[in-house]
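**Student:**
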Amino acid sequence: MGWDAVLKRMQDLRVLIPASRLPLTWSTSLLLLPPQILASIHAFLNIRHAPRWVHLVLLPLTVLVTVWCHASVYFDQPGFNIYNQIFGVSAFLILVRVLDWSLVPLRPRAQSQRHPTTPRTLLTDWGDTISALCDLRGVVHTFGQRCHFRSYPSETRAAFLADRAKSLLFNFLTLDCLRTLVRFFGPLGTPEGRSIFLPHLSPLPRFALSLFLTLSIGGAIFSYIATLHCLLSLLLVGLFQQDPNRWPPMFDRPWLASSLADFWARRWHQLFRRQFVVCSWPGRAGGGDTGAVLTAFLGSGVLHEAGMRCMGRGGATWQTVGFFLLQGLGCAAEHVFTSLSGRKVRGPMGRVWTWAWLLLWGQALADAFAVRGTAGGTLYPEWMSPSEQVLNGFGVYTR
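Residue 209 in UniProt numbering sits at position 209 of the sequence shown, and the numbers go up by one each step.
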């Protein structure tokens, strides 16, 4: 098959994308239900040990419905455009997860939680299905056994809730300060967005500013994810009496990373680790461990780019996918260094190497976020912003 034929087939696949999108309302949000229902069926079939061919027969329908439904709706208010990323990320996760469930059995970590003489019923299996759908990190399933969770002392429920409340307050205030800070840079802090590389500055100040903004945007992403996680853990442990052990911290102090492998495999959040492992299967088959690492990071790049494409702001794909591929190359370089020298990348020099590599290439990713208006999205109402309220009291307005 020639390249012309390949391109023709790719163009034919555009029929999966609706010609126009509908603003998200209570009624149009129902379009998001079919992909979730199909994903639930795949998980249920896995738990019921259905033959693999049943999954594979259902898989094409799942792909078609997932892509079409997630491409059919959008948040039409400019400030909420940031949330359109959810549709691309969700579609990617559903497709990779159903592929995983079609090929690999789900196994709970603690089979003893259900008495061996207790019969399985449709009700218990649907309960396990809901658990599988919610367990992204593998906290209660065996696919997360190699996933690093930050250890913390065994606590009472009250101590856990007090610790999470403090973390919630700290992370929210950090997020709010960084969000307000970015707004001082004009269009960069608006839903329209702009590049972090200001052309009117000379090279050295331009680099210094882009480095500062990269740290600010990265810190805001960290704080936002940590804030949501703390809020969810407080609600589910405090109100719904879930086991605190099901809610290990989302991050493990990434600023202490002494290598790229340490940063990405242990200290950064591991929400999508299993999906990236699935993405690594073709690379491992063709290129061993190095191929697996590169295709896992390629999967990460595609996930992030799929989310940003749903914002409808264009942009350069190489900035997003390229950043994550370079992280894979950096991890591969660390493996080569260890193989040749017999020493692991760690210590103060390892920390310098890690952050130099992250911040050098991270500017491209931060720019991709900024150009698409992510830095100026409406994350919460203005009245909830302590920083804005303080500044307004002094007659300073960022909007």
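Cβ coordinates follow ideal geometry from the N, Cα and C atoms, glycine included. Values in this document were obtained by computation on a predicted structure and should not be read as measured data.
Mind the definition here: the region 16-27 touches the region 71-85 only if three or more C-beta pairs lie below 8 Å; say whether that holds.
**Tutor:** yes
**Student:** Taking the runs of the alpha helix (DSSP H) that are 4 residues or longer, which of them lie wholly in the region 139-227?
**Tutor:** DSSP runs (the alpha helix (DSSP H)) wholly in the region 139-227: 157-183.
**Student:** For S216, tell me which candidate among R120, D128, E305, L365 has the shortest Cα-Cα distance.
**Tutor:** Working through the sequence shown from its first residue, we reach residue 216 at position 216. Per the Cα distances, L365.
**Student:** Name the DSSP beta bridge partners of Y380, please?
**Tutor:** Residue 380 sits at position 380 when you count from the first residue of the sequence shown. DSSP output for Y380 lists no bridge partner at all.
**Student:** Helix, strand or coil: how does DSSP classify V73 here?
**Tutor:** Locating residue 73 in the sequence shown gives position 73, where the first residue counts as 1. In the structure shown, V73 sits in a strand (DSSP, three-state: E or B).
**Student:** Here's the rule: buried if 16 or more other CB atoms are within 10 angstroms of the residue's CB, otherwise exposed. What is N392?
**Tutor:** Residue numbering aside, residue 392 sits at position 392 when the sequence shown is read from its first letter. Exposed is the call here.
**Student:** With respect to the alpha helix (DSSP H) encompassing L256, which residues constitute its N-terminal and C-terminal limits?
**Tutor:** Within the sequence shown, residue 256 is the residue found at index 256, counting from 1. Careful: L256 lies outside any alpha helix (DSSP H) and carries neither H nor E.
**Student:** Who does L22 pair with in a DSSP beta bridge?
**Tutor:** As a first step, residue 22 is located in the sequence shown; it is residue number 22 there, counting from the start. According to DSSP, which records beta bridges pairwise, L22 is partnered with V73.
**Student:** Buried or exposed for S27, going by 16 or more other Cβ atoms inside 10 Å?
**Tutor:** Position 27 of the sequence shown, counting from 1, holds the residue named residue 27. Around the C-beta of S27, fewer than 16 other C-beta atoms lie within 10 Å, and the residue is accordingly described as exposed.
**Student:** Looking at R273 and D252, is the spacing between their C-beta atoms short of 8 Å?
**Tutor:** Against the sequence shown, residue 252 aligns to sequence position 252. Against the sequence shown, residue 273 aligns to sequence position 273. No, Cβ-Cβ distance for D252 and R273 is not below 8 Å.
**Student:** Report the CB separation of residue 404 from R164 in whole angstroms; it is logged as a contact under 8 Å.
**Tutor:** Any answer about residue 404 is impossible in this case: the structure gives the chain only from 1 up to 399.
**Student:** Indicate the three-state DSSP secondary structure (helix, strand or coil) for G314 in the structure shown.
**Tutor:** For the purposes of this step, residue 314 is taken as residue 314 along the sequence shown, with counting starting at 1. DSSP places G314 outside both helix and strand once states are collapsed to three, so it counts as coil.
**Student:** Helix, strand or coil: which one does DSSP assign to P108?
**Tutor:** Counting from 1 along the sequence shown, the entry for residue 108 is found at position 108. Strand.
**Student:** Less than 7 Å separating the Cβ of W101 from some heavy atom of the ligand FMN?
**Tutor:** In the structure on display, the ligand FMN does not appear, and there are no ligands present to speak of.
**Student:** Would you tell me roughly how many angstroms separate the C-alpha atoms of T214 and L379, rounded to the nearest one?
**Tutor:** Looking up residue 214 in the sequence shown gives position 214. Looking up residue 379 in the sequence shown gives position 379. If you take the alpha carbons of T214 and L379, they lie about 19 Å apart.
**Student:** Three-state secondary structure (DSSP) at M349?
**Tutor:** Here the question's residue 349 lines up with position 349 in the sequence shown. Of the three classes helix, strand and coil, the one that applies to M349 here is helix, per DSSP.
**Student:** Nearest to R372 by CA position, among L358, W355, M311, L181, is which residue?
**Tutor:** One-based indexing of the sequence shown puts residue 372 at position 372. For R372, the closest alpha carbon among the candidates L358, W355, M311, L181 is that of M311.
**Student:** Our contact map puts A375 next to L228 with C-beta atoms below 8 Å; I'd like the distance itself, whole angstroms only.
**Tutor:** The count along the sequence shown starts at 1 and reaches residue 375 at position 375. The count along the sequence shown starts at 1 and reaches residue 228 at position 228. In this structure A375 does not touch L228 by the C-beta definition: roughly 18 Å separates them, more than the 8 Å allowed.
**Student:** Could you give the first and the last residue of the continuous alpha helix (DSSP H) run that contains V38?
**Tutor:** Here residue 38 is taken as the residue at index 38 of the sequence shown, counted from 1. The sequence as given places Leu at residue 38; Val does not occur at that position. Counting along the chain, the alpha helix (DSSP H) containing L38 begins and ends at 33-47.
**Student:** May I have the straight-line CA-CA distance separating T317 from F170, to the nearest angstrom?
**Tutor:** In the sequence shown, the residue the question calls residue 317 occupies position 317. In the sequence shown, the residue the question calls residue 170 occupies position 170. Roughly 34 Å between the two C-alpha positions.
**Student:** Smallest Cα separation from L360: which of L211, W383, G299?
**Tutor:** As a position in the sequence shown, residue 360 is number 360, starting the count at 1. Checked all of L211, W383, G299; the closest Cα to L360 is L211.
**Student:** According to DSSP, is W247 part of a helix, a strand, or is it coil?
**Tutor:** Sequence index remark: in the sequence shown, residue 247 carries index 247 (1-based). In this structure, W247 counts as coil in the three-state DSSP scheme.
**Student:** From the DSSP output, in three-state form, read off H269 for me.
**Tutor:** Position 269 of the sequence shown, counted from the start, is the residue given in the question as residue 269. Of the three classes helix, strand and coil, the one that applies to H269 here is coil, per DSSP.
**Student:** Check G342 in the structure and name its three-state DSSP category.
**Tutor:** Indexing the sequence shown from 1 puts residue 342 at position 342. Three-state result, G342: coil.
**Student:** Among F92, T338, A158, whose alpha-carbon lies nearest the alpha-carbon of M308?
**Tutor:** Translated into the one-based positions of the sequence shown, residue 308 becomes position 308. Answer by Cα proximity: F92.
**Student:** Express the C-alpha separation of G330 and W383 in angstroms, rounding to a whole number.
**Tutor:** If you number the sequence shown from 1, residue 383 lands on position 383. If you number the sequence shown from 1, residue 330 lands on position 330. Roughly 43 Å between the two C-alpha positions.
**Student:** Skipping 5 residues on each side, what residues in its chain have a beta carbon closer than 7 Å to that of L234?
**Tutor:** Within the sequence shown, numbered from 1, the residue matching residue 234 stands at position 234. So the qualifying residues of the chain are L161, R164, A165, L168.
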